[in-house]
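A quick write-up on the structure given underneath.
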Amino acid sequence: MARTAPKVERLAEDGEAMTDALTTVLAAAEENGTVTWGDVSDDLTSGEWGRLIESGLLIDADGEGFVIDDPEGVREALEESDAAPSDDDEDSGWSKWDKLAGLGTLGLFAGYSMTSVRDVIAGGVIDIVLGPLNDMLPFYVVILVLAIITGTTSTILQDNLMDMSGMGDHQEKMEDLKERRKAAKERDDQEALDRLEEEQMELMTDQMGMFKQQFRPMVWIMLVNIPLFLWLYWIVFGAGVDASPVITLPIFGEVEAWSNSVAGPVQAWIIWYFLCSLSFTQIIRKALNVQTTPTG
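Mapped onto full-length UniProt numbering, the consecutive letters of the sequence shown carry residue numbers 1 to 296.
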């Protein structure tokens, strides 16, 4: 399953010991049908066992032990991890392609402040594709089309590069830890507090990995969106938009030109883009059944 591989990848980022622990538990679960802590306690630590449960790969079988969620997907992810050298940096969890995308995004940002860069990217490259669209359609429809494109690509990238179910599981673990910590303080159980402190440190380490996972799709989203924004900026302030009747924006009313400021320094074209983007992105997410908030 698509959700399984990212979970295995996050475990792999914790070190080879975690993938070995997952392999051991997978073998025991396939041999016995279910697996308990007693079945594997000689081969892995209690922390590794807890980490597997926390990851969502090891789930409770109605009190009769635990089973591996999507064992076939776990096996395939482990085989891929063993077969190919990892492109991920041990500290960041980003592949070389993610890093190249990040560098490309930083380079594109220069287009907002450097006219020469903007003219090359927007006027020399992007306009070859979007120029005919602008010639055929009114400018407000062009912005609407671009908002749909960016909303669709952003939704697809988030769906493929982020594991929201894992984030939801992590939040549940943190809430459970807080409740157990409160109960241990009330009964003045120092030994339990020490164990919970270690567990909290492990959860915090996992949380940092999730923050990196959340930021990862943003690099790719910006790599797609920034060139389109540069082209819009180039059209409005460089090439110029063909004369048109007075523009009527929802909420803001009539505006004489797309370059006019509407809300403080924000121009009319930006307002119209965000109104279109917010509306259609919600429709696209609903249509594709994409979840972009943490779930258990």
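Every residue gets a Cβ at the ideal spot worked out from N, C-alpha and C, and that includes glycine.
On a predicted model such as this, the values are computed, not experimentally measured, just so you know.
- Sorting ALA147, ILE128, LYS99, GLU64 by C-alpha distance to the C-alpha of PHE215 places LYS99 at the top.
- Restricting attention to ASP20, PRO265, PHE252, the CA atom closest to the CA of LEU275 is found in PHE252.
- PHE252: not part of any beta strand (DSSP E); DSSP gives it neither H nor E.
- In this structure, LEU230 places its C-beta atom within 8 Å of the C-beta atom of GLY111.
- If you ignore the 5 residues before and after LEU203, its C-beta comes within less than 8 Å of the C-beta of GLU54, HIS170, LYS173, MET174, LEU177, all in its own chain and listed in chain order.
- Considering only LEU249, MET201, ASN225, GLU30, the residue with the shortest C-alpha distance to ALA122 is ASN225.
- If you draw a straight line from the Cα of LEU228 to the Cα of TRP269, it is about 13 Å long.
- Taking C-beta atoms under 8 Å as the contact rule, VAL74 and THR34 fail to qualify, at a distance of about 15 Å.
- At the C-beta level, TRP234 and ARG118 come within 8 Å of one another.
- Counting C-beta pairs with one atom in each stretch, the region 260 to 267 and the region 277 to 284 have fewer than three that are closer than 8 Å, which means they do not touch.
- Nearest Cα to VAL120 within the set ILE284, TYR273, GLY238, SER261: GLY238.
- In the structure shown, ASP60 adopts extended strand secondary structure according to DSSP, grouped into three states.
- Using a Cβ distance threshold of 8 Å, GLU48 and ALA77 do not count as a contacting pair.
- Pairing MET162 with GLN207 gives a Cβ-Cβ distance that is not under 8 Å.
- Secondary structure at THR248: strand, using DSSP grouped into helix, strand and coil.
- Cβ contact annotation for ARG181 (same chain, cutoff 6 Å, sequence separation greater than five): LEU196, in chain order.
- ALA183 counts as exposed, since fewer than 16 other C-beta atoms from the protein chains shown sit within 10 angstroms of its C-beta.
- In the DSSP assignment, ALA263 forms a beta bridge with VAL266.
- The three-state reading of DSSP puts VAL290 in coil, since its state is none of H, G, I, E or B.
- Comparing alpha carbon positions, the residue from PRO132, LEU137, THR23 closest to GLU79 is THR23.
- In this model, SER154 and LEU223 are separated by some 10 Å (Cα to Cα).
- Exposure of GLY107 is indicated by the presence of fewer than 16 other C-beta atoms within 10 angstroms of its C-beta.
- Just measuring C-alpha positions, the residue of ASP62, ASN160, ILE283, ILE247 sitting nearest THR4 is ASN160.
- LEU144 and LEU249 have their C-alpha atoms roughly 13 Å apart.
- Beta-bridge partners of PHE66 (DSSP): VAL35, ASP60.
- Distance from the CA atom of ASP14 to the CA atom of ASP62, rounded to whole angstroms, is 29 Å.
- Here LEU52 is not near VAL8, since their CB atoms are 8 Å or more apart.
- Just so you know, the alpha carbons of LEU157 and SER41 end up roughly 39 Å apart.
- One alpha carbon belongs to LEU11, the other to THR19, and they sit about 7 Å apart.
- Exclusion of the five residues before and after GLY102 leaves VAL219 as the residues of its chain whose Cβ lies within less than 6 Å of its Cβ.
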